[in-house]
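Residue numbers (the working numbering): 14 to 168.
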């Protein structure tokens with residue numbers, strides 16, 4: 014289920030994301046391509062983030078009309094204003110997305126992370142040279158969004 018059919022109240026960002034997922038799936042179907050969400054990265058939970066890089070910020074308080082003043086055609090929740098909306102948008106942690114913050118590139122002791130100008134196939138601006146990588150996991154620990162994930166080496 015997408016959009017308002019989810020069954021619970023979400024955010025505008027989630028609704029926009031749902032719209033994008035639906036549009037990409039429809040475009041792929043019409044073009045005869047596989048669904049792009051089928052091979053998407055797993056959803057990143059809060060535990061996968063390195064929150065040291067994020068300043069704490071309280072959620073914007075939405076003013077609500079007192080119950081006694083509510084009527085059939087009255088708006089129950091008020092707006093939060095431009096400044097509060099921008100501050101709320103800054104709270105986004107971009108879970109699972111590469112922000113091109115250079116932490117992996119800066120922290121790698123083996124110079125196994127190569128910075129690129131164009132986007133890599135995974136959507137980041139970095140390539141990993143596995144001939145030099147010793148698997149220390151510093152890049153994984155220092156990635157603020159959890160974009161870099163360790164995987165067991167296969168033959």
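We put the beta carbon where it would ideally sit given N, CA and C, even for glycine.
Give me the DSSP bridge partner(s) of residue 2.
Residue 2 lies beyond the range of the chain shown here (14 to 168); nothing can be said about it.
What would DSSP say about residue 153, mapped onto helix, strand or coil?
Reading the chain shown from its first residue, position 140 is the one you call residue 153. Of the three classes helix, strand and coil, the one that applies to residue 153 here is helix, per DSSP.
Using only the alpha-carbon positions, how far apart do residue 117 and residue 106 sit?
Stepping through the chain shown from its first residue, residue 117 is reached at position 104. Stepping through the chain shown from its first residue, residue 106 is reached at position 93. Taking the straight line joining both Cα atoms gives about 17 Å.
Environment of residue 137 [buried if 16+ CB atoms lie within 10 Å]
Working through the chain shown from its first residue, we reach residue 137 at position 124. Flag for residue 137 reads buried.
Which residues mark the beginning and the end of the alpha helix (DSSP H) in which residue 99 is found?
In the chain shown, counting from the first residue as 1, residue 99 sits at position 86. First-last of the alpha helix (DSSP H) with residue 99: 94-103.
Would you check if there are 3 or more beta carbon pairs closer than 8 Å linking the region 121-140 to the region 80-94?
no
Which term fits residue 125, buried or exposed, when burial requires 16 or more other beta carbons within 10 angstroms of its beta carbon?
Numbered from 1 along the chain shown, position 112 holds the residue referred to as residue 125. Classification of residue 125: buried, given that the 10 Å Cβ count is 16 or more.
Inspect the beta-carbon positions of residue 147 and residue 123 and report whether they are closer than 8 Å.
On the chain shown, residue 147 is found 134 positions in, with the first residue counted as 1. On the chain shown, residue 123 is found 110 positions in, with the first residue counted as 1. Yes, the Cβ-Cβ distance between residue 147 and residue 123 is below 8 Å.
If contacts are defined as beta-carbon pairs under 8 Å, then residue 155 and residue 120 qualify, I think. What distance do you get, rounded to the angstrom?
If you number the chain shown from 1, residue 155 lands on position 142. If you number the chain shown from 1, residue 120 lands on position 107. Right, their Cβ atoms sit about 5 Å apart.
What is the DSSP secondary structure of residue 141, reduced to helix, strand or coil?
Taking the first residue of the chain shown as 1, we reach residue 141 at position 128. Here residue 141 sits in strand by DSSP.
Within 7 Å: the Cβ of residue 129 and any heavy atom of the ligand GDP?
In the structure shown, the ligand GDP is absent, as is every other ligand, since no ligand is present at all.
Rounding to the nearest angstrom, what Cα-Cα distance links residue 5 and residue 59 in this structure?
Outside the modelled stretch of the chain, which goes from 14 to 168, sits residue 5, for which no answer is possible.
Going by DSSP, what residues sit across from residue 29 in a beta bridge?
Working through the chain shown from its first residue, we reach residue 29 at position 16. For residue 29, which the question treats as bridged, DSSP gives no partner whatsoever.
Measure how close the beta-carbons of residue 62 and residue 108 come, nearest whole angstrom, since I'm counting them as under 8 Å.
What you label residue 62 is simply residue 49 of the chain shown in a count that begins at 1. What you label residue 108 is simply residue 95 of the chain shown in a count that begins at 1. The pair is a contact, with the Cβ atoms about 6 Å apart (cut-off 8 Å).
Which listed residue (90, 43, 71, 65) has its alpha carbon closest to that of residue 77
For the purposes of this step, residue 77 is taken as residue 64 along the chain shown, with counting starting at 1. The shortest C-alpha separation from residue 77 is found at 90.
List the residues that DSSP assigns as beta-bridge partners of residue 89.
Here residue 89 corresponds to residue number 76 of the chain shown, with the count starting at 1. Residue 89 is not bridged to any residue.
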